[in-house]
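I have placed the structure first, in the form of structure tokens, so that the comments after it can refer back to it.
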Amino acid sequence: MTVRYVAPILIVSVAVAAAQSPARGAEAKYHHVHVTAASPSEAVGWYAKYLDCAPVPGRNDAADCGGVELVFVSQSTMGGTQGTGVNHIAFSYADLAAKMAALEAVGVRGSGVRLQRFDDGTTLREDPGLFRHGFIFDPWGTRIELLEDGGRQGFHHVHLSAADPEAALAWYRETFGGKAGKLRGKLDGLLLGDVWLLAAQHPQGEPAPTRGRAVDHIGFALPNLSEAARKLRKRGVAFQEEPAVPDNARAAAKRAYLVGPDSVRIALVEPGFAGVEAVVEAAAAEETREPYAAPRTPWGEPDLQGVWTGNAAHGIPLERPLDLADVQALTAEQAAARRERGTLGSIWGYEREWRDTTLGYDKMIPSRQVAMIVDPPDGRLPEMTPDGRRMAAEARRARERYTRTPPAGPEDMTPYVRCITRGLPGMMMPSIYNNGLQIVQGPGHVAIQKEMIHETRVIPTEPRQPVGPKLTTWLGDPQGRWEGDTLVIETSRFNGKSSYRGSTAGMKLTERYTRVGPTKLEYRFTVDDPAVWTRPWTAGFVFDLDNDQYELVEYACHEGNYGMFNILSGARARDKEAAGAGR
Amino acid sequence: MAARAKFRFSKPDAGIFLAAACALGLTLAPRPASAEDDGIPRAWDGRPDFNGVWQAIGTAHWDLEDHPAVPGHPDLGAIGAVPPGQGVVVGGEIPYNDAGRAQKQRNFARRATDDPEAKCFLPGVPRATYLPYPFQIIQGDRKIMFVYGFAEANRTIHMDKETPEPPPLDSWMGRSHGRWEGDTLVVDVEGFNGEAWFDRAGNFAGPGLKVRERYAPLGRNALLYEATLEDPAVFTRPWKIRMPLYRRLEENARVLEFKCVDYAEDLVYGHLRREPTR
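Here it is in structure tokens:
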């Protein structure tokens, strides 16, 4: 299998409407900042939703931010902007307080808006003589300044971090023209059109190269690229890529790359350059598969052993979205976008860099499966019984209680947060990290270990006496059997304390594990819980074999549950505040 | 399938076993001449078959060393008392260095709150073996998995690594590499985080601990467990524990999950409850 590392790149193309005539050097009409993002369309959507940019018609990878074009391309990432020669990009808002309050209200969960707080806990501060400002991060690690520069709206500046700021600005002016000046009479900079290029002193040593980081490069458009390139070569500037029309270019315009001061990567483009069509690798649609006979263990049973992950399946919704009612499989771009959304919804407290480099999550091409539920055929959960609806409403109220009010103790949180269990079938579901599944077999037994919070099930494949009805457990009492090459597990006697979508202690869970290719393990499960649903329902997805590079690590969840300490001590602080307010 | 059932469930019968193995076209590993009557169940490759549910019987989980009976928590009456026990340390005493012995005494004094077992933390090795709960061995051809009842602990013994690989990170249960020495399964474990204890008396080692375990069959339903423990930061020399492990013979024997977090939350978080319990 070809494993391609798909990561997002955000290209910010800054179109300068009325470029100043440069004093020297080539004439810059246009520049862009190229930022690394995994799904271009998700990145466009993010900038449209939170920073008021407008999607560029006819393109899924570009957004217009008040005269500045941001373009996003997929490439592997090496981390955020920090420490590189591009410290941040900046947007101006006429009413900054309102903008920041709106972003703060969104929060990080499910959205990917991360705020930088100053030492006093605030997100905005006044810089005397300049303006009010604050910082946020986009989900791909780009540091973004939000400021209030008069009534101005939209893209405001690119802030370099330079070993020698004065020399850096001189180099840009020499190379691209623009007007040297002081922003608000205070900050040295270069004005290109109405967009500033500023340079701050890099805190220590040399900035890290931008290439491969969240802001991969900044770019300038030149009316005559060949002529500009000739002049640059004369000045001894070496090109990383010579001017050429790139593969998959949308327009017959040339692009070149060079490395400027402080290892900042710079693109030069001809007018009309419209980026390249991203090639998104398509996973095979799961429906098309050859018949496959599972290998055998030395003692003759189908061999399911190995390390599998659900990384490719992460993000497949349980239920078929209503607007995808007639869709057989997602397009590759839709699949990449969905996974990116799933990531933002799941881990946005973490660095994307960590997700992409440490987890290896992006190495798996995302699944194009539309939804997990295959029966009922509409992909939706069947109708609930009246009891089911009542219990679901109760569960919803309980959930709201613990998510909206400070928890009195651990019991107000889910068994997963408490590191007890993810329950069944919850523990089999793909997660964003520690997604390993290790299967070890001995004659007559299959051990199924999930890495996430370390849960292991031992499944007998020879019939045995089930436990009595009083002996309930979180994960129930399993009985396995082989049906041809398929491992079938029926589990009951649940304690009912870790519900899946409303399931109860009376659930009968039937799982089917079938190898459907050398590296594919199909997982199907049927939930039969007549107290809740008017009929059984079946869902599934595919695990991928990852023996070569993946090893389950010890997910000592409860042992390191600092989150629980923090949640509870935060709750007690809230209690104290509330008591103080009531006095 | 019938042949497999013979391996697992029939009384030891070398004739049937050999016939079945030949039918599957397997090459048998060398076996002792007495194999036909040693009563040791054999796996597909002629190695001892440890598949099954096992448990230690004794008081090693209270204290690895000799210990007299002592009272426990008064609320529990005789139920909470510590029963007397003969030590499992070969030679009698754990050879602590001075700092190690002082730490052990501190651990003992604070055992009610500091014992990782009380907090439902992963037990580490070798403690997982002789906790008073059963564990199951799933013996495959490339890995052997140990699934313990307590705290959902488990270990994967890598039997398929040519040379031991460095532990990817420190952990409670360590990283285990196994090999066969004749009929004995030898497992080397290292990469510990140094947080685990050995028993309820506060015996312990640091992160430099290296454990070599030996599982040697003693007929059909017992095996001899031996663990050599080495940690120069805590002990003056390597030392050894030894005890039999017994196969659980109940027809319906299984390892029931004992997810104990629930029962440790007061101990760990009680002071942070709205109505503090500690």
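Chains as they are written, first to last, in the numbering used here: chain A, 1 to 583; chain B, 1001 to 1278.
Positions of the beta carbon are idealized from the N, C-alpha and C atoms, including for glycine.
Against chain B, does residue i count as a neighbour if the rule is that its beta carbon must be under 9 Å from one of theirs?
| i | result |
| --- | --- |
| Arg572 (chain A) | yes |
| Ala447 (chain A) | yes |
| Ala579 (chain A) | no |
| Asp575 (chain A) | yes |
| Met372 (chain A) | no |
| Gly25 (chain A) | Only weak support is given to the placement of Gly25 (chain A): the predicted model assigns it a pLDDT of 39, under 50, and the question is left unresolved by the model. |
| Thr297 (chain A) | yes |
| Gly442 (chain A) | yes |
| Gln328 (chain A) | no |
| Met391 (chain A) | no |
| Leu509 (chain A) | no |
Leaving aside the five residues before and after residue i along the sequence, list all residues of the same chain whose C-beta is less than 6 Å from its C-beta, in chain order.
| i | result |
| --- | --- |
| Arg152 (chain A) | Ser92 |
| Gly260 (chain A) | Ile266 |
| Val56 (chain A) | Ala62, Asp64 |
| Arg1214 (chain B) | Thr1184, Val1186, Glu1226 |
What residues in its chain sit with their C-beta under 7 Å from that of residue i, if we drop five residues either side in the sequence?
| i | result |
| --- | --- |
| Lys520 (chain A) | Val542, Asp544 |
| Pro1132 (chain B) | His1061 |
| Tyr1263 (chain B) | Cys1120 |
| Trp482 (chain A) | Glu301, Pro302, Thr461 |
| His1073 (chain B) | Gly1080 |
| Lys1154 (chain B) | Looking at the sequence shown, residue 1154 (chain B) is not Lys but Asn. Around Asn1154 (chain B): Met1145, Phe1146, Val1147, Tyr1148. |
| Pro1164 (chain B) | His1177, Asp1188 |
| Ser39 (chain A) | Pro8, Ala336, Ala337, Glu340 |
Determine the extent of the beta strand (DSSP E) in which residue i is found, giving its start and end residues.
| i | result |
| --- | --- |
| Val374 (chain A) | 373-375 |
| Tyr1130 (chain B) | Per DSSP, Tyr1130 (chain B) belongs to no beta strand (DSSP E); it is in the alpha helix (DSSP H), 1127-1130. |
| Val1255 (chain B) | No beta strand (DSSP E) contains Val1255 (chain B), which DSSP labels as neither H nor E. |
| Val215 (chain A) | 215-221 |
| Tyr1225 (chain B) | 1222-1230 |
| Pro243 (chain A) | 239-244 |
| Ala447 (chain A) | 445-450 |
| Pro40 (chain A) | Segment 40-51 is the alpha helix (DSSP H) holding Pro40 (chain A); no beta strand (DSSP E) there. |
The alpha helix (DSSP H) that contains residue i, what's its start and end?
| i | result |
| --- | --- |
| Ser92 (chain A) | Looking at the DSSP string, Ser92 (chain A) is not in any alpha helix (DSSP H); the run it does join, the beta strand (DSSP E), is 86-92. |
| Asp59 (chain A) | Checking the sequence shown, residue 59 (chain A) turns out to be Arg, not Asp. Element bounds for Arg59 (chain A): n/a, residue is neither H nor E. |
| Gln1105 (chain B) | 1098-1109 |
| Thr403 (chain A) | 386-404 |
| Glu227 (chain A) | 225-234 |
| Ala1264 (chain B) | 1261-1269 |
Any beta carbon from chain A within less than 9 Å of residue i's own beta carbon?
| i | result |
| --- | --- |
| Leu1026 (chain B) | Low confidence applies here, because Leu1026 (chain B) scores a pLDDT of 41, under 50, leaving its location unreliable; read the following figure in that light. Leu1026 (chain B) counts as touching chain A. |
| Trp1044 (chain B) | yes |
| Asn1107 (chain B) | no |
| Asn1097 (chain B) | no |
| Asp1038 (chain B) | no |
| Tyr1269 (chain B) | yes |
| Glu1190 (chain B) | no |
| Arg1278 (chain B) | no |
| Glu1093 (chain B) | no |
If you drop the 5 nearest sequence neighbours on each side, which residues of the same chain put their C-beta closer than 8 Å to that of residue i?
| i | result |
| --- | --- |
| Ala408 (chain A) | Ala571 |
| Gly1092 (chain B) | Glu1065, Asp1066 |
| Ala581 (chain A) | none |
Is there a Cβ of chain C sitting closer than 9 Å to that of residue i, yes or no?
| i | result |
| --- | --- |
| Met564 (chain A) | Of the protein chains in this structure, namely A and B, none is chain C. |
What are the complete beta strand (DSSP E) segments, minimum 3 residues, inside the segment 255-333 of chain A?
Here the runs fully enclosed are 255-259, 265-269, 306-309.
Could you name each continuous beta strand (DSSP E) segment of 3 residues or more that falls completely within the segment 154-206 of chain A, going from the start of the chain to the end?
Counting only runs of at least 3 residues, the segment 154-206 of chain A fully encloses the following beta strand (DSSP E) elements, listed from N- to C-terminal order: 154-162, 179-183, 187-192, 195-201.
If contact means a Cβ-Cβ distance below 8 Å, which residues of the segment 1229-1263 of chain B contact chain A?
Contact annotation: in the segment 1229-1263 of chain B, residues whose CB is within less than 8 Å of a CB in chain A are Glu1251, Asn1252, Arg1254, Val1255, Leu1256, Glu1257, Lys1259, Val1261, Asp1262.
According to a CB-to-CB cut-off of less than 9 Å, which residues of the segment 1130-1145 of chain B neighbour chain A?
Those would be Gln1136, Ile1137, Ile1138, Gln1139, Gly1140, Asp1141, Arg1142, Lys1143, Ile1144, Met1145, in chain order.
Near-chain A residues of the segment 1153-1182 of chain B - C-beta to any C-beta below 7 Å
Within the segment 1153-1182 of chain B, the qualifying residues are Asn1154, Thr1156, Pro1168, Leu1169, Ser1171, Trp1172, Met1173.
At a CB distance below 9 Å, what residues from the segment 1062-1079 of chain B approach chain A? Give them in sequence order.
Residues passing the 9 Å Cβ filter: none.
Counting only runs of 3+ residues fully inside the segment 516-566 of chain A, write out the beta strand (DSSP E) ranges in chain order.
Counting only runs of at least 3 residues, the segment 516-566 of chain A fully encloses the following beta strand (DSSP E) elements, listed from N- to C-terminal order: 520-528, 537-545.
What are the residues in the segment 407-432 of chain A lying within 7 Å of chain B by C-beta distance?
For the segment 407-432 of chain A, residues whose beta-carbon sits nearer than 7 Å to a beta-carbon of chain B comprise Ala408, Gly409, Pro410, Arg418, Cys419, Ile420, Thr421.
Got a sec: which bits of the segment 537-560 of chain A sit with their beta carbon under 8 Å from any beta carbon on chain B, in order along the chain?
Residues passing the 8 Å Cβ filter: Glu551, Leu552, Val553, Glu554, Ala556, His558, Glu559.
Contacting positions in the segment 455-479 of chain A - beta carbon closer than 7 Å to chain B:
Taking 7 Å as the Cβ-Cβ cut-off against chain B, the residues of the segment 455-479 of chain A that qualify are Glu455, Thr456, Val458, Arg464, Gln465, Thr473, Trp474, Leu475.
Inside the segment 1130-1200 of chain B only - beta strand (DSSP E) runs reaching at least 3 residues
Taken in chain order, the whole beta strand (DSSP E) runs of length 3 or more contained in the segment 1130-1200 of chain B are 1135-1139, 1143-1148, 1154-1158, 1175-1181, 1184-1190.
Any C-beta of chain A within less than 9 Å: which residues of the segment 1116-1127 of chain B qualify?
Correct list: Pro1116, Lys1119, Cys1120, Phe1121, Leu1122.
Chain-ordered residues of the segment 299-311 of chain A with a beta carbon less than 9 Å from chain B
Residues Trp299, Gly300, Glu301, Asp303, Gln305, Gly306.
Report the start-end ranges of each alpha helix (DSSP H) in the segment 96-144 of chain A that is 4 residues or longer and not cut off at the edges.
As far as the segment 96-144 of chain A is concerned, its whole alpha helix (DSSP H) runs of at least 4 residues are 96-106.
Length-filtered (4 minimum) alpha helix (DSSP H) runs lying within the segment 453-505 of chain A
If we require 4 residues or more, the segment 453-505 of chain A turns out to have no alpha helix (DSSP H) run fully inside it.
Residues of the segment 1204-1227 of chain B whose Cβ lies closer than 7 Å to any Cβ of chain A, in chain order
Here the close residues number zero.
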